[in-house]
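Take the sequence shown: its letter number 60 is residue 80 in our numbering, and every next letter is one higher.
C-beta atoms are modelled at their ideal positions from N, C-alpha and C, and glycine is treated no differently.
Since we're looking at a predicted model, the values are computed, not measured.
Comments concern the structure below.
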Amino acid sequence: MFKRIAKGADQIMAQLSSDERLVSRVIREVEAWLTSEFYPDHNLAPVWPEIAQHGVVMPGHDTPAAGWLLPAIGEAIVSTDGIEYEGRSYRKPLEATLLADGVHIRHFPTLTVGSEARWIVNGIFVQAPDNGAEPVLWYAKER
Numbered sequence: 021m022f023k024r025i026a027k028g029a030d031q032i033m034a035q036l037s038s039d040e041r042l043v044s045r046v047i048r049e050v051e052a053w054l055t056s057e058f059y060p061d062h063n064l065a066p067v068w069p070e071i072a073q074h075g076v077v078m079p080g081h082d083t084p085a086a087g088w089l090l091p092a093i094g095e096a097i098v099s100t101d102g103i104e105y106e107g108r109s110y111r112k113p114l115e116a117t118l119l120a121d122g123v124h125i126r127h128f129p130t131l132t133v134g135s136e137a138r139w140i141v142n143g144i145f146v147q148a149p150d151n152g153a154e155p156v157l158w159y160a161k162e163r
């Protein structure tokens, strides 16, 4: 199996010129190769436009169940206007009106860049700092 994987990597690198070897492009090529090599008869169901606009392929991407599976990747600034994280503004969830600074962010580290990202509605999960109570997670959409 490792020989097949090494052969696949060689094929992908031969197909792409050095300026095409961006991480996002290589990942797409690897996914396509894995699908054709190991899952040739797997048929993907169409993704509903209401789901695809969030850059995901399954309903429930904005539920706490999905958020708890993501890594905690930093802390955000909370104001009366919303939540600020890495230069982006997010709507503060109504249930989270009492949040203070230092909330933890859970987010999928997105690899989509450039024109592909135009149509994606970004969101993050916000987790209040541990204060001894049951942890709570909210989904916040980008403004």
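| Asked | Found |
| --- | --- |
| Residue range of the alpha helix (DSSP H) that includes R48 | 43-58 |
| Secondary structure of R24, DSSP reduced to three states | helix |
| N-terminal and C-terminal residue of the alpha helix (DSSP H) that G87 is part of | 84-87 |
| Sequence-distant residues of the same chain with beta carbon closer than 6 Å to G94, five excluded per side | I125 |
| Cβ shell of Y110 (< 7 Å), same chain only, five flanking positions each side left out | G102, I103, I144, A160, K161, E162, R163 |
| Rounded C-alpha distance that separates A149 from H127 | A quick correction: the sequence has Pro, not Ala, at residue 149. Their Cα atoms are separated by approximately 16 Å. |
| Pair within 8 Å by beta-carbon distance, G87 and L157 | yes |
| Buried or exposed (CB count within 10 angstroms, at least 16 for buried), A96 | buried |
| Backbone CA spacing between S38 and V46 [nearest angstrom] | 11 Å |
| Euclidean distance between Cα positions of A26 and M78 | 31 Å |
| Opening and closing residue of the alpha helix (DSSP H) in which E70 lies | 69-72 |
| Residue range of the unbroken beta strand (DSSP E) whose run includes S109 | 108-110 |
| Environment of Q31 [buried if 16+ CB atoms lie within 10 Å] | exposed |
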